[in-house]
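Novice: Take a look at the following structure, please.
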Amino acid sequence: MVSTTHNDAVEGIAIIGMAGRFPGAKNVAEFWQNLQSGVESISLFTNEEIVSDGIAPNILSDRNYIKASAILKDIDLFDAAFFSFNPKEAEITDPQHRIFLECAWEALENAGYDSNRCDSRIGVYAGASLNNYYSLDLNRDPIGSAQCYQTLIGNDKDFLTTRVSYKLNLTGPSITIQTACSTSLVATTLACQSLLNYQCDMALAGGVSIHVPQKTGYLHEPGGTLSPDGHCRAFDAKAQGTIIGNGVGVVLLKRLSDALADGDCIHAVIKGSAINNDGSGKVGYTAPSVNGQAEVIAEAMMLAGVEPETINYIEAHGTGTALGDPIEIAALSQVFRSNTNKKGFCAIGSVKTNIGHLDAAAGIVGLIKTVLALKHQQIPPSLNFEEPNPEIDFANSPFHVNTKLVEWKAGSTPRRADVSSLGIGGTNAHVILEEAPVLEPSSSSRPWQLLVLSAKTESALETATENLANHLQLHPDVNLANIAYTLQVGRAEFNHRRVLVCQDIEDAVSTLQLQDSQRFFTRSVENSDRSIVFMFPGQGAQYVDMGKELYQTEPIFREHVDLCCQLLQPHLGLDLRSQSDSAGVSLIYPNESESKAAAEKLQQTDITQPALFVIEYALAQLWMSWGISPQAMIGHSIGEYVAACLAGVMSVEDALRLVAARGRLMQQLPSGAMLSVPLPEEEVVALLDENLSLAASNAPALCVVSGNHDAIDAFQHKLQVRGIDCRRLHTSHAFHSPMMEPILEAFQKEVRTYALTIKQRSA
1401 MVSTTHNDAV
1411 EGIAIIGMAG
1421 RFPGAKNVAE
1431 FWQNLQSGVE
1441 SISLFTNEEI
1451 VSDGIAPNIL
1461 SDRNYIKASA
1471 ILKDIDLFDA
1481 AFFSFNPKEA
1491 EITDPQHRIF
1501 LECAWEALEN
1511 AGYDSNRCDS
1521 RIGVYAGASL
1531 NNYYSLDLNR
1541 DPIGSAQCYQ
1551 TLIGNDKDFL
1561 TTRVSYKLNL
1571 TGPSITIQTA
1581 CSTSLVATTL
1591 ACQSLLNYQC
1601 DMALAGGVSI
1611 HVPQKTGYLH
1621 EPGGTLSPDG
1631 HCRAFDAKAQ
1641 GTIIGNGVGV
1651 VLLKRLSDAL
1661 ADGDCIHAVI
1671 KGSAINNDGS
1681 GKVGYTAPSV
1691 NGQAEVIAEA
1701 MMLAGVEPET
1711 INYIEAHGTG
1721 TALGDPIEIA
1731 ALSQVFRSNT
1741 NKKGFCAIGS
1751 VKTNIGHLDA
1761 AAGIVGLIKT
1771 VLALKHQQIP
1781 PSLNFEEPNP
1791 EIDFANSPFH
1801 VNTKLVEWKA
1811 GSTPRRADVS
1821 SLGIGGTNAH
1831 VILEEAPVLE
1841 PSSSSRPWQL
1851 LVLSAKTESA
1861 LETATENLAN
1871 HLQLHPDVNL
1881 ANIAYTLQVG
1891 RAEFNHRRVL
1901 VCQDIEDAVS
1911 TLQLQDSQRF
1921 FTRSVENSDR
1931 SIVFMFPGQG
1941 AQYVDMGKEL
1951 YQTEPIFREH
1961 VDLCCQLLQP
1971 HLGLDLRSQS
1981 DSAGVSLIYP
1991 NESESKAAAE
2001 KLQQTDITQP
2011 ALFVIEYALA
2021 QLWMSWGISP
2031 QAMIGHSIGE
2041 YVAACLAGVM
2051 SVEDALRLVA
2061 ARGRLMQQLP
2071 SGAMLSVPLP
2081 EEEVVALLDE
2091 NLSLAASNAP
2101 ALCVVSGNHD
2111 AIDAFQHKLQ
2121 VRGIDCRRLH
2131 TSHAFHSPMM
2141 EPILEAFQKE
2151 VRTYALTIKQ
2161 RSA
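Using the working numbering, you'd call the opening residue of the sequence shown number 1401 and step up by one each time.
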């Protein structure tokens, strides 16, 4: 009897990414559409097609030769340049390896992860079917030759997963698994165990099966495993076997707790999984076993901590053989009947009726089908079922074959499903799935979003732009902030880039389609690792409501502004954010009626300097949190202190205390003025008298002059008479001039009380 409690259950594994290519469907979305519509993706071949693919004409005369199979289109296509394959390497590499690599990339993208920027260890667990694409020829590929070595790497099963790890920079376990038809579901189970053992943080799991050439058909033999009419009739009275299918499926797995913490899109949850082998307790090596299957089902349920009565759907192995189907239902019934006597409550089906038997990829395709059913809350039809196999008593079992698309109604427990996969030789795998937990959407996001695209070629960038516009049109309710985040951090960065700024989905679509130059920017870069320098301004750059919108919308910016203002409060005697000064005026974020008074106060250097430091420091921290990190920093006047603090010369606490002391000392000096002059340094110096000083040379033809008010007034008038348009800066004193000298001794004494860290840069 299966008896479990919640405490028995192991941690759930979240499925956060999926990718695949299937007969009649080039991606997971098309696959689901076909499943909903009950499409049987079986191709029938002409004699000419079969002969052109290499089958001898005399074989076609055998009435048991079935000219049908489920083919995978475009297996000859491969983006070799994208994965840095040279032409020869791509040519001799098995299509199973090539397409599995592409789908592994797509699964990571579907989950929103760029493996080169992700710190997590990502494992790969998968298997492939027999390679008949480019077999080793010792006459062509002598043992020990480079050609032999390359042929082995490109075609042997051993190198399926490790090539993915190498090409995608994945550092978790990389293991190729082979258990015949159950390969990919066994791979999924082992990936789950690896995650639970903390051998990796995420894991790709899947399988691939592509038979080359595809348009060959097959020979049916009575009592064999292949169908006599090109149709798989799982659980039906007419069932006499399955058909050959081709395809690939990959999922990305992550511990549920981590997926929830990281805000991942969770498609479904693996509650438990198990694998075993039948041993010798069956009629033959290739035969299935009731006891072996029952034991693996019961173990998976125990590990999942669920009762059989809470299972609503089973994706069976369902090969449609006269021997296998009754054994599979008998094993399931044995486990379910240990817990409940209810009849017909659990739907059952087999994806093999849609796309044939995908051998090493069969289990993962059944898993993806079931995940999609949970996600869309619909159970798709199992095809070609009319009357039950007389060896199966469905009427008195917990099961019924689902023959039409039905709504998957909610019950007292979350929607749950099982997936079975059985391998010739007796290795069985069983997985318990549960629908994804319902998460509350984020309640806040920026009013404007930045969408970024990049590609390796200009044409690929155009395709990506078109694809994004189409996706947004088809999904108008999608969260634009989530899209923006994924495009920014979950996609690889290439040299051809495009960015656009938009407010909502409609705005994004129109901007993408019209390519509005005001908010749409395209650029090609040869070197994406250009150095970034942060430049921090000095006084004169301050204004009321500096960074107000950032403070309201960006938590990191607000966090650092709040921290700095709290640290400054004992040194200033006020809170720059919200408290009023002695005149009753709020300073950096005043209300409308206080703006004028606040602007005047912000020109007083004892307030200006700390306020500028706070905003510049918080803005730099925000940019660095976005991954915009400087290789160098430079500042002017108070900006030098921000640069020094961020460079680790002093702590933020010490920097704020020093800045407050600096402003307080300067405020005690006589007031003065500063004038921006658009002339070269030598011309400005020639015009100065003893009451004026060159405060700064900011550019070849831009200087700043300091002095007392009368001297600056007179100098400004003299320049204006000459037609030179100069500008007064918003400062309270004549900084960077001899008027600052009276505070030097006191300021030097203050600085000596600080421990400064000067880091020597290695050559």
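Every residue gets a Cβ at the ideal spot worked out from N, C-alpha and C, and that includes glycine.
Between leucine 1912 and alanine 1869, how many whole angstroms is the CB-CB distance? I'm expecting something under 8 Å.
Specialist: To locate residue 1912, count along the sequence shown from 1; it is residue 512. To locate residue 1869, count along the sequence shown from 1; it is residue 469. Contact flag correct, Cβ pair sits at about 4 Å.
Novice: Classify serine 1469 as helix, strand or coil using the three-state DSSP reduction.
Specialist: Locating residue 1469 in the sequence shown gives position 69, where the first residue counts as 1. If DSSP states are grouped into helix, strand and coil, serine 1469 belongs with the strands.
Novice: Can you have a look at valine 2164 and say buried or exposed, based on whether 16 or more other CB atoms are within 10 angstroms of its CB?
Specialist: What is shown of the chain runs 1401 to 2163, which leaves residue 2164 out entirely.
Novice: Assuming contact is defined by CB atoms lying nearer than 8 Å, are isoleucine 2124 and leucine 2079 in contact in what I supplied?
Specialist: By one-based count along the sequence shown, residue 2124 stands at place 724. By one-based count along the sequence shown, residue 2079 stands at place 679. Their beta carbons are under 8 Å apart, which means isoleucine 2124 touches leucine 2079 by this criterion.
Novice: On the three-state DSSP scale, how would you describe valine 1801?
Specialist: Numbered from its first residue, the sequence shown carries residue 1801 at position 401. Strand.
Novice: How many angstroms separate the CA atom of glycine 1890 from the CA atom of alanine 1860?
Specialist: Position 490 of the sequence shown, counting from 1, holds the residue named residue 1890. Position 460 of the sequence shown, counting from 1, holds the residue named residue 1860. Straight-line Cα distance between these residues: approximately 18 Å.
Novice: Should the region 1825-1838 be regarded as contacting the region 1766-1777, the criterion being three or more beta carbon pairs within less than 8 Å?
Specialist: Touching, per the Cβ criterion.
Novice: Compare the C-alpha of glutamine 1939 against each of Glu2040, Ile1956 and Val1909 and name the closest.
Specialist: Taking the sequence shown and counting its residues from 1, one reaches residue 1939 at position 539. The shortest C-alpha separation from glutamine 1939 is found at Glu2040.
Novice: By DSSP, does aspartate 1636 sit in helix, in strand, or in coil?
Specialist: Taking the sequence shown and counting its residues from 1, the one referred to as residue 1636 is at position 236. Three-state result, aspartate 1636: strand.
Novice: Mind checking tryptophan 2026: buried by the 16 CB within 10 Å criterion, or exposed?
Specialist: Position 626 of the sequence shown holds residue 2026. Exposed: under 16 other Cβ atoms inside 10 Å.
Novice: What's the gap between the Cα of isoleucine 1455 and the Cα of proline 1613?
Specialist: Within the sequence shown, the letter at position 55 stands for residue 1455. Within the sequence shown, the letter at position 213 stands for residue 1613. Distance between the alpha carbons of isoleucine 1455 and proline 1613 is about 10 Å.
Novice: Any chance the region 1429-1444 sits against the region 1687-1697, with 3 or more Cβ pairs inside 8 Å?
Specialist: Flag = no, the region 1429-1444 and the region 1687-1697 do not touch.
Novice: Give the single residue among Ser1545, Tyr1885, Glu1621 and Phe1799 whose Cα lies nearest to the Cα of arginine 1846.
Specialist: Numbered from its first residue, the sequence shown carries residue 1846 at position 446. Checking every option, the nearest Cα to that of arginine 1846 belongs to Tyr1885.
Novice: Entirely within the region 2073-2159 and at least 3 residues each: give me those beta strand (DSSP E) ranges in chain order.
Specialist: You should have 2073-2077, 2092-2099 and 2102-2107.
Novice: Do cysteine 1665 and asparagine 1712 have their C-beta atoms within less than 8 Å of each other?
Specialist: Here the question's residue 1665 lines up with position 265 in the sequence shown. Here the question's residue 1712 lines up with position 312 in the sequence shown. Not in contact: cysteine 1665 and asparagine 1712 (Cβ atoms no closer than 8 Å).
Novice: Using the DSSP secondary-structure output, state which residues sit across from aspartate 1725 in a beta bridge.
Specialist: Here residue 1725 is taken as the residue at index 325 of the sequence shown, counted from 1. Paired residues: none, contrary to the question.
Novice: Leaving aside the five residues before and after leucine 2065 along the sequence, list all residues of the same chain whose C-beta is less than 7 Å from its C-beta, in chain order.
Specialist: For the purposes of this step, residue 2065 is taken as the residue at position 665 of the sequence shown. Taken in chain order, the residues that qualify are Ile2143, Ala2146 and Phe2147.
Novice: With a threshold of 16 other CB atoms inside 10 Å of the CB of glutamine 1979, please say whether the residue is buried or exposed.
Specialist: As a working note, residue 1979 is residue 579 in the sequence shown. Here glutamine 1979 scores only 49 on pLDDT, less than 50, and its place in the model should not be relied on; the value that follows carries that caveat. Exposed, since its Cβ has fewer than 16 Cβ neighbours within 10 Å.
Novice: First and last residue of the beta strand (DSSP E) that includes valine 1608?
Specialist: Counted from its first residue, the sequence shown places residue 1608 at position 208. Residues 1602-1609.
Novice: Per DSSP, which one or two residues make a beta bridge with serine 2025?
Specialist: Here residue 2025 refers to the residue found at position 625 when the sequence shown is read from its first residue. Per DSSP, none; premise fails for serine 2025.
Novice: Unbroken alpha helix (DSSP H) runs of length 4 or more, entirely within the region 1673-1724: which are they?
Specialist: The qualifying runs are 1690-1704.
Novice: Once the 5 residues before and after alanine 1694 are set aside, which same chain residues still bring their CB inside 7 Å of it?
Specialist: Counting from one through the sequence shown, the residue named residue 1694 turns up at place 294. Cβ neighbours of alanine 1694 beyond the five flanking positions: Ala1731, Gln1734 and Val1735.
Novice: Tell me which same chain residues have a C-beta within less than 7 Å of the C-beta of asparagine 1784, skipping the five on either side of it?
Specialist: Here residue 1784 is taken as the residue at index 384 of the sequence shown, counted from 1. The residues are His1631, Cys1632, Arg1633, Asp1636 and Thr1753.
Novice: Does the region 1645-1657 touch the region 1721-1730, meaning 3 or more C-beta pairs lie closer than 8 Å?
Specialist: These segments do not touch.
Novice: Mapping the DSSP letters down to three states, classify glutamine 1625 as helix, strand or coil.
Specialist: Your numbering for residue 1625 matches position 225 in the sequence shown. One detail in the question is off: residue 1625 reads as threonine in this sequence, not glutamine. Coil at threonine 1625, not helix or strand.
Novice: Round the Cβ separation of leucine 1653 and alanine 1605 to the nearest angstrom and send it over; I've been treating them as touching at under 8 Å.
Specialist: Counted from its first residue, the sequence shown places residue 1653 at position 253. Counted from its first residue, the sequence shown places residue 1605 at position 205. Going by Cβ atoms, the distance from leucine 1653 to alanine 1605 rounds to 6 Å, so yes, they are a contact pair.
Novice: If you measure between the beta carbons of aspartate 1453 and threonine 1616, is that distance less than 8 Å?
Specialist: Translated into the one-based positions of the sequence shown, residue 1453 becomes position 53. Translated into the one-based positions of the sequence shown, residue 1616 becomes position 216. Their beta carbons are under 8 Å apart, which means aspartate 1453 touches threonine 1616 by this criterion.
Novice: By how many angstroms is the C-alpha of alanine 1526 removed from the C-alpha of valine 1608?
Specialist: Start at 1 with the first residue of the sequence shown, and residue 1608 comes out as number 208. Start at 1 with the first residue of the sequence shown, and residue 1526 comes out as number 126. So the alpha carbons of these two residues sit roughly 8 Å apart.
Novice: Within the chosen definition, does the region 1564-1573 reach the region 1533-1540 through at least 3 CB pairs nearer than 8 Å?
Specialist: Not touching, per the Cβ criterion.
Novice: With a threshold of 8 Å, are at least 3 pairs of Cβ atoms found where one atom belongs to the region 1415-1431 and the other to the region 1502-1514?
Specialist: The region 1415-1431 vs the region 1502-1514: in contact.
Novice: From the DSSP output, in three-state form, read off glycine 1647 for me.
Specialist: Counting from one through the sequence shown, the residue named residue 1647 turns up at place 247. Glycine 1647: strand per DSSP, three-state reduction.
Novice: Let me make sure I understand the geometry here. Which of Glu1949, Gly1826, Ala1716 and Ala1603 has the alpha-carbon closest to that of glycine 1681?
Specialist: As a working mapping, residue 1681 is identified with position 281 in the sequence shown. Closest option to glycine 1681, Cα to Cα, is Gly1826.
Novice: Taking the alpha carbon of lysine 1488 as the point to measure from, which residue in Thr1551, Asn1458 and Glu1430 has its own alpha carbon closest?
Specialist: Here residue 1488 refers to the residue found at position 88 of the sequence shown. Looking at the Cα atoms, Thr1551 is the closest of the given residues.
Novice: What is the DSSP secondary structure of arginine 1521, counted as helix, strand or coil?
Specialist: Residue 1521 sits at position 121 when you count from the first residue of the sequence shown. The answer is coil: DSSP assigns arginine 1521 none of H, G, I, E or B.
Novice: Taking Cβ positions, are isoleucine 2034 and valine 2059 nearer each other than 8 Å?
Specialist: In the sequence shown, counting from the first residue as 1, residue 2034 sits at position 634. In the sequence shown, counting from the first residue as 1, residue 2059 sits at position 659. In this structure, valine 2059 does not lie closer than 8 Å to isoleucine 2034 by Cβ.
Novice: Could you check which residue in Lys2149, Asp1975, Ala1761 and His2133 has the C-alpha nearest to that of glycine 2072?
Specialist: The residue labelled residue 2072 in the question sits at position 672 within the sequence shown. Answer by Cα proximity: His2133.
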